[in-house]
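Visitor: In our numbering, each residue carries its 1-based index in the sequence shown increased by 2.
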Amino acid sequence: MRITAVNVQVFSYPTRRAVDSAGHAHPGDITQAKMALLRIQTEDGTEGFAFGAPELIRPYVLDGFVRKVLVGQNAHDSERIWHDLAHWQRGSASQLTDRALALVEQALWDWAGRKLGVPVHKLIGGFRDKVPAYGSTMCGDELPGGLATPEDYGRFAETLVERGYKAIKLHTWMPPVSFAPSPRIDVKACAAVREAVGPDIALMLDGYHWYSRTDALYIGRELEKLDFAWFEEPMMEESAESYAWLANQLDIPVLGPETLAGKHLSRASWVKHDVCDILRAGVAGVGGIAPCLKVAHMAESFGMDCEIHGNGAANLAVVGAIKNCTWYERGLLHPYLDYDEVPAYLKRLVDPMDEHGFVHLSDLPGLGEDIDFDFIETHTLNSF
Numbered sequence: 003m004r005i006t007a008v009n010v011q012v013f014s015y016p017t018r019r020a021v022d023s024a025g026h027a028h029p030g031d032i033t034q035a036k037m038a039l040l041r042i043q044t045e046d047g048t049e050g051f052a053f054g055a056p057e058l059i060r061p062y063v064l065d066g067f068v069r070k071v072l073v074g075q076n077a078h079d080s081e082r083i084w085h086d087l088a089h090w091q092r093g094s095a096s097q098l099t100d101r102a103l104a105l106v107e108q109a110l111w112d113w114a115g116r117k118l119g120v121p122v123h124k125l126i127g128g129f130r131d132k133v134p135a136y137g138s139t140m141c142g143d144e145l146p147g148g149l150a151t152p153e154d155y156g157r158f159a160e161t162l163v164e165r166g167y168k169a170i171k172l173h174t175w176m177p178p179v180s181f182a183p184s185p186r187i188d189v190k191a192c193a194a195v196r197e198a199v200g201p202d203i204a205l206m207l208d209g210y211h212w213y214s215r216t217d218a219l220y221i222g223r224e225l226e227k228l229d230f231a232w233f234e235e236p237m238m239e240e241s242a243e244s245y246a247w248l249a250n251q252l253d254i255p256v257l258g259p260e261t262l263a264g265k266h267l268s269r270a271s272w273v274k275h276d277v278c279d280i281l282r283a284g285v286a287g288v289g290g291i292a293p294c295l296k297v298a299h300m301a302e303s304f305g306m307d308c309e310i311h312g313n314g315a316a317n318l319a320v321v322g323a324i325k326n327c328t329w330y331e332r333g334l335l336h337p338y339l340d341y342d343e344v345p346a347y348l349k350r351l352v353d354p355m356d357e358h359g360f361v362h363l364s365d366l367p368g369l370g371e372d373i374d375f376d377f378i379e380t381h382t383l384n385s386f
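(1) Nearest CA to the CA of residue 26: which residue from 354, 351 and 334?
(2) Between which two residues does the alpha helix (DSSP H) carrying residue 82 extend?
(3) Kindly examine the ligand MG and report whether one of its heavy atoms sits closer than 7 Å to the Cβ of residue 233.
(4) Can the beta-carbon of residue 279 be found closer than 8 Å to that of residue 257?
(5) Can you tell me where the alpha helix (DSSP H) holding residue 368 begins and where it ends?
(6) Between the beta-carbon of residue 237 and the beta-carbon of residue 273, is there less than 8 Å?
(7) On a Cα-Cα basis, can you pick out the residue from 247, 315, 301 and 7 that is closest to residue 290?
(8) For residue 93, count neighbouring C-beta atoms within 10 Å of its own C-beta (all shown protein chains included) and say buried if the count is 16 or more, exposed if not.
(9) Which same chain residues end up closer than 6 Å to residue 286 when comparing Cβ atoms and leaving out the 5 residues on each side of it in sequence?
(10) Between the Cα of residue 323 and the Cα atoms of 29, 111, 70 and 126, which residue gives the shortest distance?
(11) Check whether the region 132-144 and the region 24-38 touch, using three or more Cβ-Cβ pairs below 8 Å as the test.
(12) Grab me the residues of residue 268's own chain with a C-beta within less than 8 Å of its C-beta, minus the 5 sequence neighbours each way, in chain order.
(13) Just list the residues that DSSP pairs residue 394 with in beta bridges.
(14) Looking only at its chain, what residues have a beta carbon closer than 7 Å to the beta carbon of residue 178, apart from the 5 residues adjacent to it on each side?
(15) What did DSSP end up calling residue 237 once you bin it into helix, strand or coil?
(16) Expressed to the nearest angstrom, what Euclidean distance is found between the alpha-carbon atoms of residue 354 and residue 138?
(17) Could you please give the first and the last residue of the uninterrupted beta strand (DSSP E) stretch that includes residue 226?
(18) Hey, could you find the ends of the beta strand (DSSP E) residue 134 is sitting in?
(19) In the DSSP assignment, find the unbroken alpha helix (DSSP H) run with residue 379 in it and report its ends.
(20) Identify whether residue 7 lies in helix, strand or coil by the three-state DSSP scheme.
(21) Beta carbon of residue 20, beta carbon of residue 38: below 8 Å?
(22) Run the CB neighbour count on residue 350, radius 10 Å, all protein chains shown included, and call it buried at 16 or more, exposed below.
(23) Which whole-angstrom value describes the C-beta separation of residue 147 and residue 337, a residue pair presumed to lie in contact below a C-beta threshold of 8 Å?
(24) From which residue to which residue does the beta strand (DSSP E) around residue 352 run?
(25) Can you grab the Cα-Cα spacing for the pair residue 266 / residue 281, in whole Å?
Written out as structure tokens, the structure reads:
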């Protein structure tokens, strides 16, 4: 089925998420944010869609790379198209990023699902129809009653358990918060959450690559005392040797890499060299759904779990298609925000969670996003 058109709509929508000077999300006043909708159309009129940040898919990316590769090709040939696009990254990776590559590939999978009338998670594996979620908090802040103190984290954890979560992952304080990073305050927050929720809730910590080896070792040993399920990204991931050193000294599983470049290839290196205990991959971070599946299946071949990073329809589809992933990451969560509020450009959540803490995968064809096209048309800022 020949691809005839690839287009982008950039539209505005209301949000209460603000970003600090280091790029971390926090609650804020209602503002208008921008989102891009990538649309791939074939000769029979079938379309596939993917949402992403407008900076990922600017006109020069669409004209210089995406349209050159896609238009005229068979939309079913997503693997070949992905490799043809990835080839263009040599010398152009700052323009055609892995996240842009992932956006295009997601739209191809969405097209395939819509064309065949099947959810993507069934097309790529179909292992389960529901998955337990962990509540993934926003980074700490200095907002009264927000996530400003260890006690705030404890109170919020109680709220999450009441909502139905059986697991919680903490993101603690990071610059520009005045006292961050602080290993001892981070540990206090972890201890407050464990005390608040008791022994039966799984807990994790995302260290967000701020720490030295010795700081990470200190935090990891404290997390072992608190019976945490994993320790994620405590150091810069470009130093595989530091992660191997850490994992060798801790009993708590070390999880990674989250943000390391290199798609599935760098994850293969981490497995070969025993750098971590649990592998990490997300659709956006490794360049698409197919490379994310490659990471997960490789991990399975070595008896390792592969926890999928991030929320959203594409990541949820991968979680629904594989066995060796325990949780779906639902977030980012904060006492001042309602995660269950449906975004204005959708008609329903892509990851609804029941009272028992399970997220149910959509039975809609494609990626499962029930898109409000009328809202998008009304709020379109530009198209190209």
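Ideal Cβ positions, reconstructed from N, Cα and C, are used throughout, including at glycine. Note that the structure is a prediction, hence the values are computed from the model and not measured.
Guide: Let's see:
(1) For the purposes of this step, residue 26 is identified with residue 24 of the sequence shown, where counting begins at 1. Nearest option by C-alpha distance: 334.
(2) On the sequence shown, position 80 is the one that residue 82 refers to. It spans 80-89 - the alpha helix (DSSP H) in which residue 82 sits, taken as one unbroken run.
(3) In the structure shown, the ligand MG is absent, as is every other ligand, since no ligand is present at all.
(4) The count along the sequence shown starts at 1 and reaches residue 279 at position 277. The count along the sequence shown starts at 1 and reaches residue 257 at position 255. In this structure, residue 279 lies near residue 257, with their beta-carbon atoms less than 8 Å apart.
(5) Along the sequence shown, one-based indexing puts residue 368 at 366. No residue range can be given for residue 368, since it is assigned to no alpha helix (DSSP H) and is classified by DSSP as neither H nor E.
(6) Indexing the sequence shown from 1 puts residue 237 at position 235. Indexing the sequence shown from 1 puts residue 273 at position 271. One thing to note: residue 237 has its Cβ no nearer than 8 Å to the Cβ of residue 273.
(7) By one-based count along the sequence shown, residue 290 stands at place 288. Comparing Cα-Cα distances from residue 290 to each of 247, 315, 301 and 7, the minimum goes to 315.
(8) As a position in the sequence shown, residue 93 is number 91, starting the count at 1. Under this definition residue 93 is an exposed residue.
(9) Here residue 286 corresponds to residue number 284 of the sequence shown, with the count starting at 1. Once the five neighbours on either side are set aside, the close Cβ partners of residue 286 are 101 and 104.
(10) Translated into positions along the sequence shown, residue 323 becomes position 321. The shortest Cα separation from residue 323 among 29, 111, 70 and 126 belongs to 126.
(11) Contact holds between the region 132-144 and the region 24-38, because three or more Cβ pairs, one in each stretch, are under 8 Å apart.
(12) On the sequence shown, position 266 is the one that residue 268 refers to. If you ignore the 5 residues before and after residue 268, its C-beta comes within less than 8 Å of the C-beta of 259 and 262, all in its own chain and listed in chain order.
(13) Residue 394 is absent from the model: the chain starts at 3 and stops at 386.
(14) One-based indexing of the sequence shown puts residue 178 at position 176. Excluding sequence neighbours, residue 178 sits near 22, 23 and 24.
(15) For this step, residue 237 is matched to residue 235 along the sequence shown. Correct three-state label for residue 237: coil.
(16) Counting from one through the sequence shown, the residue named residue 354 turns up at place 352. Counting from one through the sequence shown, the residue named residue 138 turns up at place 136. Between the alpha carbons of residue 354 and residue 138 lies a distance of about 15 Å.
(17) As a first step, residue 226 is located in the sequence shown; it is residue number 224 there, counting from the start. Run containing residue 226: none in the beta strand (DSSP E); it sits in the alpha helix (DSSP H), 215-227.
(18) Sequence index remark: in the sequence shown, residue 134 carries index 132 (1-based). Here the beta strand (DSSP E) through residue 134 covers 132-139.
(19) To locate residue 379, count along the sequence shown from 1; it is residue 377. Going by DSSP, residue 379 is part of the alpha helix (DSSP H) stretching over 375-380.
(20) Residue 7 sits at position 5 when you count from the first residue of the sequence shown. DSSP places residue 7 within a strand segment (E or B) once states are collapsed to three.
(21) Your numbering for residue 20 matches position 18 in the sequence shown. Your numbering for residue 38 matches position 36 in the sequence shown. Cβ distance not < 8 Å, so residue 20 and residue 38 don't count as in contact.
(22) If you number the sequence shown from 1, residue 350 lands on position 348. With fewer than 16 Cβ atoms within 10 Å of its Cβ, residue 350 is classed as exposed.
(23) Along the sequence shown, read from residue 1 onward, the residue named residue 147 stands at position 145. Along the sequence shown, read from residue 1 onward, the residue named residue 337 stands at position 335. The beta-carbon separation of residue 147 and residue 337, rounded to 7 Å, stays under the 8 Å limit for a contact.
(24) Here residue 352 refers to the residue found at position 350 of the sequence shown. Taken as a continuous stretch (DSSP letters only), residue 352 belongs to no beta strand (DSSP E), as it is neither H nor E.
(25) For the purposes of this step, residue 266 is taken as the residue at position 264 of the sequence shown. For the purposes of this step, residue 281 is taken as the residue at position 279 of the sequence shown. Computed Cα separation, rounded: 11 Å.
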